[in-house]
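Colleague:
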Amino acid sequence: MTLSVGYSLLIIFVIASITFALRAAPFLLFSRTGRTPKVITYLGNALPPAVMGMLIIYCLRNVDFFSRPFGIPEGIAVLAVIFLHLWRKNNLLSILGGTVIYMVLVQLIF
Numbered sequence: 000m001t002l003s004v005g006y007s008l009l010i011i012f013v014i015a016s017i018t019f020a021l022r023a024a025p026f027l028l029f030s031r032t033g034r035t036p037k038v039i040t041y042l043g044n045a046l047p048p049a050v051m052g053m054l055i056i057y058c059l060r061n062v063d064f065f066s067r068p069f070g071i072p073e074g075i076a077v078l079a080v081i082f083l084h085l086w087r088k089n090n091l092l093s094i095l096g097g098t099v100i101y102m103v104l105v106q107l108i109f
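In this text, residue positions in the sequence shown follow numbering that gives the first Met the number 0: the first is 0, and each later residue adds one.
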């Protein structure tokens, strides 16, 4: 299916407009009061750990602990992420470090 230039530009315009509106909405909604509503503050504190927990479960859901390599690479990578995050408190370092360690373990060792 080929799209005309006008239709493609219309799609880009709609997507850009929606993205801009979603990015501007918090500033427009919460700038008048000067204070962030309590429910938003609560969600800002509660959601990141909940999302991280869901991501951990999602990533480890297919690990087979009863056949070789028994989830050892995944376990080592998870421990590395925990250690790196407790050590440096840097999300990017934790994610990249865990990914590199996992890939080295899977590709070269296990």
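Using N, Cα and C, we set each Cβ at its ideal position, and we do this for glycine too.
Please go through the same chain and pick out, in chain order, the residues whose beta-carbon is closer than 6 Å to the beta-carbon of residue 93, but skip the five residues on each side of it.
Modeller: Closer than 6 Å at the Cβ level, and outside the excluded window around residue 93, lie 80, 83 and 84.
Colleague: Does DSSP classify residue 37 as helix, strand or coil?
Modeller: Of the three classes helix, strand and coil, the one that applies to residue 37 here is helix, per DSSP.
Colleague: Within the continuous alpha helix (DSSP H) that includes residue 25, where are the two ends?
Modeller: First-last of the alpha helix (DSSP H) with residue 25: 4–29.
Colleague: May I ask you to report which of helix, strand or coil DSSP gives residue 99?
Modeller: If DSSP states are grouped into helix, strand and coil, residue 99 belongs with the helices.
Colleague: Provide the residue span of the alpha helix (DSSP H) that contains residue 67, from first to last.
Modeller: Run containing residue 67: none; DSSP gives neither H nor E here.
Colleague: With 16 as the cutoff for other CB atoms within 10 Å, does residue 97 come out buried or exposed?
Modeller: Burial call: buried.
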